[in-house]
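This report concerns only the one structure given below.
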Amino acid sequence: MTFLCAPITVESQQQAMAEALAARAAGADLVEYRVDGFITEDDDTDLASSISDVVNIVADSPLPCIVTCRIAAEGGAYEGDDGVLARLLEALISADHPPQYIDVELATIERSTEIRSLAARLAEVEAPRLIVSMHDFNQRPADLTRRQERVAAVKGAAVLKLAFRARSLRDNLELFEILQTRDIPTIALGMGEFGVMSRVLAPKFGAFLTFAALRSEAATAPGQPTIGELTTTYQFRSINRKTQVFGVIGWPVSQSMSPAIHNAGFASIEFNGVYLPLPIPPEWEHFKATLGALIDDPRLDFRGASVTIPHKEHLVRFAREHAEDGWRLDSLAEAAGAANTIVRDDENWFVVNTDAPAIAQCLQTRLSKLRGKRIAIIGAGGVARAAAAGLVAEGCEVKLFNRTPERAQRIADDLCDFAQSHGAAIVAHPMKDIQDCGAAVIINATPLGMTGGPAPLESPFDLSTLTQLPRECVVFETVYNPIETPLLKQARDRGYQTIDGVEMFVRQAALQFSAWTGQTPSSNLFDRIVRERLVAAP
Ligand code: NAP
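Counted from 1, the sequence shown has number 144 at position 119 by the working numbering; the numbering is strictly sequential.
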């Protein structure tokens, strides 16, 4: 079993107890009392009193515990001398109720003979046991392998802890390899946003523990999740060696709602999978190298991913370049030149565009038939491209409008043959011609109206000035935050049918989920989670 350990930065006995009780209630198995800012060295009386407080905290601890006095050089607050540290350790070792573990850095043990001999004493006792740790908040240490060998030489070492700032998702794979090849219980964690994977997948690779904070402000290392995120979103207690790994690849991905919905979906059908944020920097080289490493690692069980901005086109390129290795593109991804889903089936990898059919599905529930319908799409980015491909595949007459007309023209050119083969048509028009497009459906595929976007209060056009719109016109917004954009408000006020961006998001996610699990998510589950989150968002 991999323990879930809540770090507690000790400020007072009372506060430490309250937080330890809260950690137990939240589901932690262990607490780590971080006493580095608590040990007072001002004079001998203060020091003796703070050490005695730590001993009392341990004695009263509602959960088994680790005591750590982290030195400043390894990210802690302790800047005192090794003699004081030795006094603290001596007091903990000889206490009537010693902690289960004490954590001492390899660097401290190697530097101080006194601490080294205290550490050696721990080889003979049941508690405390010694965690020998090493941290690098800036990078992967160049001498990582040699440092591990040095830990093996520490007398009394019961657990190895190593934590460094992950530079890319690939560093997690090295951490997993270390976990699987060490002969003592090991904690191997990547810090920062690239390292979240190592924290969540700790049980899959048999780590001794993973850390999770009571609240996000209480995290003691960058990238550390909260107990709630770990146990609720990521279903930490259900992760085991056979858990399949999925995720959302993009840049940035930390705000993505996809982990919340897909993990909830997996839990609802008792599917042994976990879905993670998988940040990959924007450049093609990063995408290619990282995706290549994820799919190549046999231990990871990487089975699929959602792919979002800015990698949707990179994914198509990757699939084309790996056709001989069993990579296949579906016809919509091929036509759109962009895809948002990776699905693994045995040794084959399928690249699919679920945005395109999701957009068509949204409209099919509103219109009696799509074939022959005139659809205006505003925008010429990835979503406009997917919408155009999905709708010409249904036989629609697509009109494209965009601020930069050349980009709209490029989509029309790229999809021209595909449209013809489906008995459809696609033409780019100057933006001003939107006035009399006479479309049965108008789709906003620009970020106008989006919270945090270039113009949150604007619409791509003023609906009141559009002539020749049929009364049953459908106004389709792809922006989903806010749920009601200025365009949707205008459309509802004028009595048009509307489709919001949440519906599209949920439908494309449901298609991904089915491709990975062979099942459909329970009715309304994704929609409810997304709408609740958007309403709750500040
Ligand atoms: P994109 O590739 O960046 O394309 C954005 C398009 O909007 C471009 O054609 C751009 O015009 C145009 N645009 C940007 N700012 C504009 C402005 N101030 N005035 C007029 N036009 C402007 O983005 P995307 O990936 O296609 O995404 C578009 C929107 O779809 C996003 O904002 C997002 O909210 C939404 N979306 C929804 C879902 C969903 O599932 N519901 C999924 C993904 C995205 P230029 O060509 O002139 O630059």
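Where is the CB? At the ideal position from N, CA and C, for every residue including glycine. Here the structure is a predicted model, which is why all the values come from computation and not from measurement.
Item: Coil, strand or helix - residue 332 by DSSP; Value: strand
Item: Residue interval of the alpha helix (DSSP H) (run including residue 110); Value: 107 to 118
Item: Secondary structure, alpha helix (DSSP H): runs of 4+ residues fully inside the region 351 to 422; Value: 356 to 361, 380 to 389, 407 to 417
Item: Under the three-state DSSP convention, the category residue 129 falls into; Value: strand
Item: Classification of residue 549 by the beta-carbon crowding that lies within 10 angstroms, buried from 16 upward; Value: exposed
Item: Cutoff 8 Å: residue 37 Cβ touching any chain D Cβ; Value: Going by chain labels, chain D is absent from the structure shown, which holds only one protein chain.
Item: Whole-Å CB distance - residue 526 paired with residue 503, under 8 Å assumed; Value: 5 Å
Item: Integer Cβ distance of residue 357 from residue 381, believed to fall under 8 Å; Value: 4 Å
Item: Residue 473 beta carbon near the ligand NAP (any heavy atom closer than 7 Å); Value: yes
Item: Near the ligand NAP: residue 459 beta-carbon under 7 Å from a heavy atom; Value: no
Item: Any 3 or more C-beta pairs closer than 8 Å across the region 536 to 546 and the region 503 to 521; Value: no
Item: Whether residue 560 touches residue 282 by CB criterion (8 Å); Value: no
Item: Cβ pair residue 122, residue 84 closer than 8 Å; Value: yes
Item: Run of the beta strand (DSSP E) containing residue 158, from where it starts to where it stops; Value: 154 to 161
Item: Segments of 3+ residues assigned as beta strand (DSSP E) that fall wholly inside the region 134 to 221; Value: 154 to 161, 182 to 190, 211 to 216
Item: Reduced DSSP category for residue 523 - H, G, I as helix; E, B as strand; rest coil; Value: strand
Item: Closer than 7 Å: residue 409 CB and nearest the ligand NAP heavy atom; Value: yes
Item: Alpha-carbon to alpha-carbon, residue 75 and residue 542; Value: 54 Å
Item: The ligand NAP heavy atom lying under 7 Å from the CB of residue 479; Value: yes
Item: Near the ligand NAP: residue 120 beta-carbon under 7 Å from a heavy atom; Value: no
Item: 8 Å CB neighbourhood of residue 131 in its chain, flanking five on each side removed; Value: 157, 158, 159, 172, 175, 176, 179
Item: Reduced DSSP category for residue 245 - H, G, I as helix; E, B as strand; rest coil; Value: coil
Item: For residue 436, three-class secondary structure by DSSP; Value: helix
Item: Reduced DSSP secondary structure (H/G/I, E/B, other) of residue 536; Value: helix
Item: Burial state of residue 163, where buried means 16 or more other Cβ atoms lie within 10 Å; Value: exposed
Item: Simplified DSSP state of residue 339, which is helix, strand or coil; Value: helix
Item: Through-space distance from residue 305 to residue 432, alpha-carbon basis; Value: 26 Å
Item: Rounded C-alpha distance that separates residue 90 from residue 32; Value: 10 Å
Item: Coarse secondary structure for residue 511, derived from DSSP in three states; Value: helix
Item: Check: residue 504 C-beta below 7 Å from any heavy atom of the ligand NAP; Value: yes
Item: Near the ligand NAP: residue 391 beta-carbon under 7 Å from a heavy atom; Value: no
Item: Close beta carbons around residue 57, own chain, < 6 Å, minus the five adjacent residues each side; Value: 30, 32, 91, 93
Item: Residue of 280, 275, 258, 315 minimising C-alpha distance to residue 298; Value: 258
Item: Rounded distance between the beta-carbons of residue 239 and residue 36, thought under 8 Å; Value: Going by Cβ atoms, the distance from residue 36 to residue 239 rounds to 13 Å, so no, they are not a contact pair.
Item: Residue 268, DSSP secondary structure in three states; Value: coil
Item: 8 Å contact criterion, which residue 189 and residue 161 should meet: CB distance rounded; Value: 4 Å
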